[in-house]
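**Student:** Please see the structure below; I have some questions.
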Amino acid sequence: MAQILAPSSQWQMRIARNSAPASPMTAKMWSSLVLKQNKKGTAKSSAKFRVLAVKSENGTINRMEDLLNLDLTPYTDSFIAEYIWIGGSGIDLRSKSRTISKPIEHPSELPKWNYDGSSTGQAPGEDSEVILYPQAIFKDPFRGGNNILVMCDTYTPQGEPIPTNKRHRAAEIFSNKKVVDEVPWFGIEQEYTLLQTNVKWPLGWPVGGYPGPQGPYYCAAGADKSFGRDISDAHYKACLYAGVNVSGTNGEVMPGQWEYQVGPSVGIDAGDHIWISRYILERITEQAGVVLSLDPKPIEGDWNGAGCHTNYSTKTMREEGGYEAIKKAILNLSLRHKEHISAYGEGNERRLTGKHETASIDTFSWGVANRGCSIRVGRETEKQGKGYLEDRRPASNMDPYVVTGLLAETTILYEPSLEAEALAAQKLSLNV
Amino acid sequence: MSLLSDLVNLNLSDSTEKIIAEYIWIGGSGMDIRSKARTLSGPVSDPAKLPKWNYDGSSTGQAPGEDSEVILYPQAIFKDPFRRGNNILVICDTYTPAGVPIPTNKRCAAAKIFSHPDVVAEIPWYGLEQEYTLLQKDVKWPLGWPLGGYPGPQGPYYCGIGVDKAFGRDIVDAHYKACLYAGINISGINGEVMPGQWEFQVGPSVGISSGDELWAARYILERITEVAGVVLSFDPKPIQGDWNGAGAHTNYSTKSMRNEGGYEIIKKAIEKLGLRHKEHIAAYGEGNERRLTGRHETADINTFKWGVANRGASIRVGRDTEKEGKGYFEDRRPASNMDPYVVTSMIAETTILWKP
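Protein sequence lines, in the order shown, are assigned to chains A and B. If you're matching positions, the first sequence starts at 1 in the UniProt record's numbering and goes up one per residue. If you're matching positions, the second sequence starts at 1 in the UniProt record's numbering and goes up one per residue.
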């Protein structure tokens, strides 16, 4: 039985040592945020952020941190499962938790659940139950221990996917034999903007004004160039802990904007990992007292938008001579530009202007190392004759199930007529 | 690190066999929870082995000054998540020195109903969904709401995440773990439709333990909000207007309902409840008429109706139950400030013992 021998700080250090029964983001990691506030109650500048975790004035908050960080494993076999789903707008994440009484290995062992669809715009009041099917499990970085996050999709009681359930169709595409054989890999670059809570103006920007123009902020350090790094860093570790395939992070061109990358993931995993990483990110910004925005063009004018560039390759593209397959894929994509664009995120027309490292929304273009194109192919790929392509069109608020499914469908399953193919090849100057 | 924290978190098991027992009871309003602590010479796991105690009933509106002693009978033990170690929380009920339950003691009558052989045979299960609202300390306005104004309308908050949608998650999460530690059968939590409102569920529990566990969970919740500097409200309609109220939906089943052909038993039980609608409503919480309007996922207080998957009904039967022909049903009428001893025993009485 865990002996609570001493005050909170020692309890936290004890947790840090037992890394095998995995410990949550302990109060020690958050304390860097909380302690800044507690120091003589000095007012903070807008460059730092408030911790919204509720605090009391008389210093007894340590007791609540103890409870939040309580490791239950000595007391019970039960653990907490946070079921996560996508709500009625297609971009709002919802979650609620339940106690599970015995250990499980696979999502299929978790019970289906249901929720009040009439409260999320997904069902009418007289017939409100929407069913949750568990699809993927991750470790819970907030509760630690054996507690888990569960990514779910949504069905009617009769077993039909409801209209906002985009995972179902993607899963169908990814189980098609031709797609399975091509082992599609995805690397998704999620950009996002942090906003101050009460004014919806980006974090670090002066209220009622603007920071200096873009230039110094991309991958920068310094209190005048990097706003909100703690969120990005906390998110990175939380995702790695959870089992999300995060491959990197960087500060973006617009101040207050960040990016992280998830991948390479195979097939349906890409979508599951992006959604869980978005959930973890918004839970972290909730704690930090900052608003998360996935809007593709948060500030009009000479400021970058936010995208979700999707890097993609198939087995054929990764093998010798793969460059031919890449060119064929680009050809197919050019013939379905409108279908893809309409599925690549709401409001994308405000972002894809042809300026700020985007291609115009009406034009399909591709190029090596060209960031002003719809599709960019890396120099390494061109040199080695094999590799992957980057679809730069998706917006930051895209649904990864939709985008990854569509990419696989268009490049592996879709067969254009020879005529259309020849015409497109000419237009793009592609010898395929 | 402050000396106070050292002392509060001191683990006594190395220095002494003694433990601290926090005796908890319900005060004169029927809704206020009171507690005080005493030292016991060693660990105890059986409530029957705990000593009876007494308190000053004239300070809680439960006895006159000249004859103020009210006796506490220990009924249920839980582990103390605040003191930890071998320390315990003890749920008690209240009696006169002559051994008669005082008027605010609803547990005694409930225990009688739950020991009736017909009720025992049916093994009644309860799942209680306790909703509650968090208020800012000095102004009694919900947590996260702008002073002098309102947040955006309901829609984004149910099960929501993000600093602009979820207010007070730390309280809810701390409460979840604290209850699991204490040994309370807490089965889940979720953010509710009105911002600053939350819900936790306790169950399935059998008979009288359902009331004991819910009162213990309410006690732990108010101790946590005390630490967090936030006010806890069980008012059934904290904010007038287009904002949801707070309820305590009671899910219920008996052995017959859970077995083959249970759906018929369920329908009979619902019928009986319909015949005693007024009696139940009168016992389902003060101020419920402000909440049961027919809007905001409630049925109007004067109407009794039931339906499958219908959240605007008095009684809701889940789709799974309908499909499998057995299961349980949900009484959506009780308010968040209901007394679980009263509600659980009344449902058992009406559906098992009462003959129309």
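We put the beta carbon where it would ideally sit given N, CA and C, even for glycine. Values in this document were obtained by computation on a predicted structure and should not be read as measured data.
Please classify Ile123/B as buried or exposed, where buried requires at least 16 neighbouring CB atoms within 10 angstroms.
**Tutor:** Answer is exposed; the Cβ neighbour count stays below 16.
**Student:** Put Ala166/B into one of helix, strand or coil per three-state DSSP.
**Tutor:** Ala166/B falls in the coil class under three-state DSSP.
**Student:** Counting only the same chain and skipping the five closest in sequence on each side, list residues whose C-beta sits under 8 Å from that of Arg311/B.
**Tutor:** Excluding positions up to five away in sequence, the list reads Glu297, Arg332.
**Student:** Would Lys106/B pass as a contact of Tyr284/B if the rule is Cβ separation under 8 Å?
**Tutor:** Taking 8 Å as the Cβ cut-off, Lys106/B and Tyr284/B do not qualify as a contacting pair.
**Student:** Out of Val150/A, Val183/A, Ala306/A, which one is the CA nearest neighbour of residue 433/A?
**Tutor:** Since the displayed chain A opens at 1 and closes at 432, residue 433/A lies outside it and no answer follows.
**Student:** Three or more C-beta pairs under 8 Å: does that hold for the stretch 307-326 of chain A against the stretch 219-227 of chain A?
**Tutor:** Segments in contact, no.
**Student:** Give a yes or no on whether 8 Å exceeds the smallest Cβ distance from Met64/A to chain B.
**Tutor:** Met64/A counts as touching chain B.
**Student:** Would you mind working out which of Pro101/B, Gly57/B, Ile347/B sits nearest Ile270/B, comparing C-alpha positions?
**Tutor:** The shortest Cα separation from Ile270/B among Pro101/B, Gly57/B, Ile347/B belongs to Ile347/B.
**Student:** Do Asp56/B and Ser68/B have their beta-carbon atoms positioned less than 8 Å apart in this structure?
**Tutor:** Yes, these two residues count as a Cβ contact at 8 Å.
**Student:** Any contact between the stretch 110-124 of chain A and the stretch 132-147 of chain A? By contact I mean 3 or more CB pairs, one from each, below 8 Å.
**Tutor:** Verdict: yes, contact present.
**Student:** For Thr39/B, which residues from the same chain have a beta carbon less than 7 Å from its beta carbon, with the 5 sequence-adjacent residues on both sides left out?
**Tutor:** Counting only Cβ-Cβ distances below 7 Å, and skipping sequence neighbours, we find Lys18, Ile20.
**Student:** Identify the contact partners of Pro157/A in chain B, using a Cβ-Cβ distance below 7 Å as the criterion.
**Tutor:** Correct list: Arg319.
**Student:** Less than 8 Å separating the beta-carbons of Pro416/A and Leu352/A?
**Tutor:** Against a cut-off of 8 Å, the Cβ pair of Leu352/A and Pro416/A comes out as no contact.
**Student:** Keeping to the same chain, check which residues put their C-beta closer than 6 Å to that of Ala369/A; ignore five residues upstream and five downstream.
**Tutor:** Correct list, in chain order: Arg379.
**Student:** For chain B, find out if any of its Cβ atoms is closer than 8 Å to the Cβ of Gly243/A; answer yes or no.
**Tutor:** Cβ-Cβ to chain B under 8 Å: no for Gly243/A.
**Student:** Count the other CB atoms within 10 Å of the CB of Pro163/A; is the residue buried (16 or more) or exposed (fewer)?
**Tutor:** Exposed.
**Student:** Have a look at the DSSP bridge pairing and note the partners of Phe200/B.
**Tutor:** Partner(s): Gln130/B, Ile189/B.
**Student:** Does any CB atom of chain B fall closer than 8 Å to the CB of Arg283/A?
**Tutor:** For Arg283/A, the answer is yes, since a Cβ of chain B falls inside 8 Å of its Cβ.
**Student:** In chain order, what are the residue ranges of uninterrupted beta strand (DSSP E) at least 3 long that sit wholly in the stretch 223-302 of chain B?
**Tutor:** DSSP runs (the beta strand (DSSP E)) wholly in the stretch 223-302 of chain B: 230-233, 248-253.
**Student:** Which word fits Pro206/A, buried or exposed, when buried means at least 16 other C-beta atoms lie within 10 angstroms of its C-beta?
**Tutor:** Result: exposed.
**Student:** Please report the distance separating the alpha-carbon of Leu147/B from that of Glu213/B.
**Tutor:** Their Cα atoms are separated by approximately 35 Å.
**Student:** By DSSP's criteria, Val90/B is part of a beta bridge. Which residues make up the other side?
**Tutor:** Paired residue(s): Tyr23/B, Ile77/B.
**Student:** Starting from Ser95/A, find everything on chain B with Cβ-Cβ shorter than 7 Å and list it in chain order.
**Tutor:** Chain B residues near Ser95/A: Cys159, Ile161.
**Student:** Please work out which residues of its chain come closer than 6 Å, Cβ to Cβ, to Gln158/A, disregarding the five sequence neighbours upstream and downstream, and give them in chain order.
**Tutor:** Cβ within range, chain order: n/a, list empty.
**Student:** Only counting the same chain, and skipping five residues up and downstream in sequence, which positions put a Cβ closer than 7 Å to that of Ala408/A?
**Tutor:** Excluding sequence neighbours, Ala408/A sits near Ile173, Phe174, Val179, Pro184.
**Student:** Where are the alpha helix (DSSP H) runs, 4 residues long or more, that stay fully inside the stretch 343-400 of chain A, in chain order?
**Tutor:** Counting only runs of 4 or more, we get 348-351, 379-384.
**Student:** Which residues, in order along the stretch 268-292 of chain A, keep a beta-carbon less than 9 Å from a beta-carbon of chain B?
**Tutor:** Hits within the stretch, in order: Tyr279, Glu282, Arg283, Thr285, Glu286, Gln287, Ala288, Gly289, Val290, Val291, Leu292.
**Student:** Evaluate contact between the stretch 290-304 of chain A and the stretch 189-197 of chain A, counting only Cβ atoms and requiring at least three cross-stretch pairs below 8 Å.
**Tutor:** Cβ pair count under 8 Å is three or more, so yes.
**Student:** Using three-state DSSP, classify Ala81/A as helix, strand or coil.
**Tutor:** Note: Ala81/A maps to strand in three-state DSSP.
**Student:** Taking the beta carbon of Leu333/A as the centre, do at least 16 other beta carbons fall within 10 Å, making it buried, or is it exposed?
**Tutor:** Flag for Leu333/A reads buried.
**Student:** By DSSP, does Asn332/A sit in helix, in strand, or in coil?
**Tutor:** Note: Asn332/A maps to helix in three-state DSSP.
**Student:** How is the beta strand (DSSP E) around Gly187/A delimited, first residue to last?
**Tutor:** Where Gly187/A is concerned, the enclosing beta strand (DSSP E) stretches over 185-196.
**Student:** Residues of the stretch 73-95 of chain B with a CB closer than 9 Å to any CB of chain A: list them in chain order, please.
**Tutor:** Correct list: Lys79, Pro81, Phe82, Arg84, Gly85.
**Student:** Checking contacts by CB at 8 Å: is residue 360/B closer than that to chain A?
**Tutor:** One cannot answer for residue 360/B here, as it falls past the ends of chain B, which runs 1 to 356.
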